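Trainee: Right, I'll just put the structure down here and ask away after.
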Amino acid sequence: VTEDEQGAQFLTSASGTPVPVDVAPEDLLAILYTSGTTGVPKGAMHTHRSLIAPVVASLRLRELWMRRPTLSHLPKMGRALIRYRERLLRAAGRPQVFLSTVGFHTVTGIEVFLQALLMGDTLVIQPRFHPVEALELIQRERVTILVAVPTALAVMLRLKSFDRYDLSSLLICGTGSAPCPPELAREVQRRFGCALHIGFGATETGGGIAATDIGDPEDRQAETVGRPMPGVEVRIVDDEGRPLPPGEVGELWVRSEGRMVGYWGAPDLTAQVVDEEGWYHTGDLAVMDKEGYLRIVGRKKDMIIRGGRNIYPEEIERHLMTHPAIREAAVVGVPGGLGGEEVWAFVIPEEGADLTPREVREHCRGVLEPYKIPQIVRIVQDFPRSSTGKPQKFRLREIAREEVRSHA
Numbered sequence: 082v083t084e085d086e087q088g089a090q091f092l093t094s095a096s097g098t099p100v101p102v103d104v105a106p107e108d109l110l111a112i113l114y115t116s117g118t119t120g121v122p123k124g125a126m127h128t129h130r131s132l133i134a135p136v137v138a139s140l141r142l143r144e145l146w147m148r149r150p151t152l153s154h155l156p157k158m159g160r161a162l163i164r165y166r167e168r169l170l171r172a173a174g175r176p177q178v179f180l181s182t183v184g185f186h187t188v189t190g191i192e193v194f195l196q197a198l199l200m201g202d203t204l205v206i207q208p209r210f211h212p213v214e215a216l217e218l219i220q221r222e223r224v225t226i227l228v229a230v231p232t233a234l235a236v237m238l239r240l241k242s243f244d245r246y247d248l249s250s251l252l253i254c255g256t257g258s259a260p261c262p263p264e265l266a267r268e269v270q271r272r273f274g275c276a277l278h279i280g281f282g283a284t285e286t287g288g289g290i291a292a293t294d295i296g297d298p299e300d301r302q303a304e305t306v307g308r309p310m311p312g313v314e315v316r317i318v319d320d321e322g323r324p325l326p327p328g329e330v331g332e333l334w335v336r337s338e339g340r341m342v343g344y345w346g347a348p349d350l351t352a353q354v355v356d357e358e359g360w361y362h363t364g365d366l367a368v369m370d371k372e373g374y375l376r377i378v379g380r381k382k383d384m385i386i387r388g389g390r391n392i393y394p395e396e397i398e399r400h401l402m403t404h405p406a407i408r409e410a411a412v413v414g415v416p417g418g419l420g421g422e423e424v425w426a427f428v429i430p431e432e433g434a435d436l437t438p439r440e441v442r443e444h445c446r447g448v449l450e451p452y453k454i455p456q457i458v459r460i461v462q463d464f465p466r467s468s469t470g471k472p473q474k475f476r477l478r479e480i481a482r483e484e485v486r487s488h489a
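Structure follows, in structure tokens:
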């Protein structure tokens with residue numbers, strides 16, 4: 082089902098005669114561009130194999146979800162999750178109905194499309210996200226699997242008309258591409274009435290790196306990105322590339338069949354992130370616990386150093402977004418002050434909220450350590466964003482630096 086008239090016309094006018102094509106798994110299939118949150122977007126070259134491998138991993142997870150839980154699983158699942166699992170069991174073996182609110186220019190959009198194609202599912206496409214239309218599509222098309230970024234889910238939940246829609250067909254809500262605050266994760270499960278699947282991936286890895294399981298305890302669902310996907314190897318390493326033990330923060334390295342061939346026209350950039358052993362250096366700071374669950378701390382480039390201490394912006398952002406008047410927050414470090422870098426917080430208030438910088442800072446006191454409390458708070462209507470809707474922190478840093486220069 083498509084709401085795009087031009088796309089529908091193209092599909093209906095295509096010839097029904099198949100054209101034989103000789104294709105090898107290592108042939109180039111697509112060039113997918115990164116979101117550009119830390120700089121200029123780069124074209125990741127993917128083969129047929131590298132784009133299909135993550136899809137197969139997702140289908141393996143889907144198969145596991147639709148198996149009846151054993152007695153050993155029941156204690157950690159809880160009643161709500163058992164109810165979700167029973168609904169999945171009833172749906173096992175039947176085609177699903179996806180609603181994808183993410184575009185086909187993203188690796189997530191491609192992955193959803195290929196998964197639906199391989200399984201004979203129905204794919205409902207929303208070319209441009211609109212919260213009311215998305216809810217109408219779920220109700221009208223009896224959507225069973227919703228795919229949306231956390232921001233889109235939050236926008237839908239804020240609608241006054243949300244409870245008017247019949248969302249009883251939903252089995253799973255899949256989200257990722259950006260951090261999903263714990264409070265939002267819990268609210269999605271409660272109000273959408275479905276299981277939550279949080280995925281973490283990268284354009285360079287063809288999609289999924291890690292994902293939560295609907296049988297995971299609530300704290301794992303809300304505070305981690307799950308465990309590595311089937312067929313994906315991960316390492317947490319220090320600055321010298323040495324593996325770190327569980328519980329220590331380091332850079333996340335990934336190796337899988339889904340890894341890109343390289344960046345289009347940029348072999349030097351490729352060599353910076355893919356080593357001789359095939360490990361992709363993600364640039365993400367992460368920590369893995371003893372059970373293999375990953376928690377993303379932030380981007381290595383985004384880490385703030387103040388007074389010789391490391392500050393991870395995501396920790397501050399997660400706390401800021403617990404304030405009822407804050408819709409979204411982005412934290413960056415800007416050179417200045419005696420500590421080396423100052424912590425700047427850009428905050429988008431909820432509609433109609435009367436929010437002040439002082440109130441934002443007070444919200445942090447007593448919870449965050451003093452050196453993590455933002456020195457500067459700016460209330461804004463929106464952030465500079467990438468094509469996938471992610472805040473572009475390098476541009477926020479430029480805005481902050483320009484403000485500092487103008488007052489020098």
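Numbering (the numbering used here), first residue to last: 82 to 489.
All C-beta atoms in this analysis are idealised placements derived from N, C-alpha and C, irrespective of residue type, glycine included.
Here the structure is a predicted model, which means the values were calculated and not measured.
(1) Suppose you measure from the CA of Leu199 to the CA of Pro451; what does that come to, to the nearest Å?
(2) So, at 6 Å on beta carbons, what are the nonlocal neighbours of Leu155 in its own chain, with the 5 sequence-adjacent residues on each side left out?
(3) Would you mind stating whether Leu375 and Arg267 have Cβ atoms separated by less than 8 Å?
(4) Which residues in the same chain as Ala105 place their Cβ atom closer than 8 Å to its Cβ, once the five residues preceding and following it in sequence are excluded?
(5) When DSSP builds the beta bridges, which residues end up paired with Tyr114?
(6) Once DSSP output is grouped into helix, strand and coil, what is the label at Phe427?
(7) To the nearest angstrom, how far is it from the Cα of Ile392 to the Cα of Ile385?
(8) Report the residue from Glu409, Gly322 and Leu477 whose alpha carbon sits nearest the alpha carbon of Leu366.
(9) Who does Trp334 pair with in a DSSP beta bridge?
(10) Pull up the CB-CB distance for Trp334 and His362, whole angstroms please, since I reckon it's below 8 Å.
(11) In the structure shown, what three-state DSSP assignment does Pro106 receive?
(12) Sort out for me which residues DSSP pairs His278 with in a bridge.
(13) Using the three-state DSSP reduction, which class does Ser131 fall into: helix, strand or coil?
(14) Taking only runs that begin and end inside the stretch 387 to 423, name each unbroken alpha helix (DSSP H) of 4 or more residues, in chain order.
(15) In the DSSP assignment, the beta strand (DSSP E) including Val188 goes from what residue to what residue?
(16) Does the stretch 450 to 468 come close enough to the stretch 203 to 214 that 3 or more CB-CB pairs lie under 8 Å?
(17) Would you list the residues sitting across from Thr225 in a DSSP beta bridge?
(18) Quick one: give me the first and last residue of the alpha helix (DSSP H) that Arg239 is part of.
(19) Report yes or no: do three or more beta-carbon pairs, one from the stretch 87 to 96 and one from the stretch 432 to 449, lie closer than 8 Å?
(20) What would DSSP say about Leu436, mapped onto helix, strand or coil?
(21) Out of Glu423, Phe427 and Phe464, point me to the one whose CA is closest to Gln456's CA.
(22) Do Val230 and Leu113 count as a contact pair if the criterion is CB distance below 8 Å?
(23) Can you tell me whether Ala276 is buried or exposed? The criterion is at least 16 other CB atoms within 10 Å of its CB, across all chains shown.
(24) Which residues does DSSP pair with Pro324 in a beta bridge?
(25) For Leu375, name the three-state secondary structure that DSSP assigns.
(26) Measure how close the beta-carbons of Phe273 and Leu248 come, nearest whole angstrom, since I'm counting them as under 8 Å.
(27) What residue range does the alpha helix (DSSP H) around Phe179 cover?
(28) Report the rounded CA-to-CA distance for Ser468 versus Ala235, giving the unit in angstroms.
(29) My output table needs one value for Arg459: the three-state DSSP class, helix, strand or coil.
(30) Assuming Val441 contacts Val458 (C-beta within less than 8 Å), just tell me the rounded distance between them.
(31) Is it buried or exposed, Leu152, if we count other Cβ atoms within 10 angstroms and call 16 or more buried?
(32) Mapping the DSSP letters down to three states, classify Thr284 as helix, strand or coil.
(33) Would you please state the rounded distance, in angstroms, between the beta carbons of Glu332 and Val318? I believe it to be under 8 Å.
(34) Let me know if Ala125 comes out buried or exposed under the rule of 16 or more other beta-carbons within 10 Å of its beta-carbon.
(35) Rank Leu251, Thr286 and Glu432 by C-alpha distance to the C-alpha of Arg271 and give the top, closest one.
(36) Of the residues Leu350, Gly359 and Gly343, which one's Cα is nearest the Cα of Arg336?
Mentor: According to the structure shown:
(1) 52 Å
(2) Bear in mind that the predicted position of Leu155 carries a pLDDT of just 39, short of 50, making it unreliable; the figure below should be weighed with that in mind. Correct list: empty, nothing qualifies.
(3) no
(4) His129
(5) Gly124
(6) strand
(7) 5 Å
(8) Gly322
(9) Arg316 and His362
(10) 6 Å
(11) coil
(12) Gly255
(13) helix
(14) 394 to 401
(15) Not the beta strand (DSSP E): Val188 falls in the alpha helix (DSSP H), residues Val188 to Met200.
(16) no
(17) BP columns for Thr225 are empty, so no partner.
(18) Pro231 to Arg239
(19) no
(20) coil
(21) Glu423
(22) no
(23) buried
(24) Val318
(25) strand
(26) 6 Å
(27) Element bounds for Phe179: not the alpha helix (DSSP H) but the beta strand (DSSP E), Val178 to Ser181.
(28) 19 Å
(29) strand
(30) 5 Å
(31) For Leu152, the predicted structure reports a pLDDT of 40, less than 50, and the residue's modelled location is therefore unreliable. A value from the coordinates is still provided. Exposed, because fewer than 16 other Cβ atoms sit within 10 Å of the Cβ of Leu152.
(32) helix
(33) 6 Å
(34) buried
(35) Leu251
(36) Gly359
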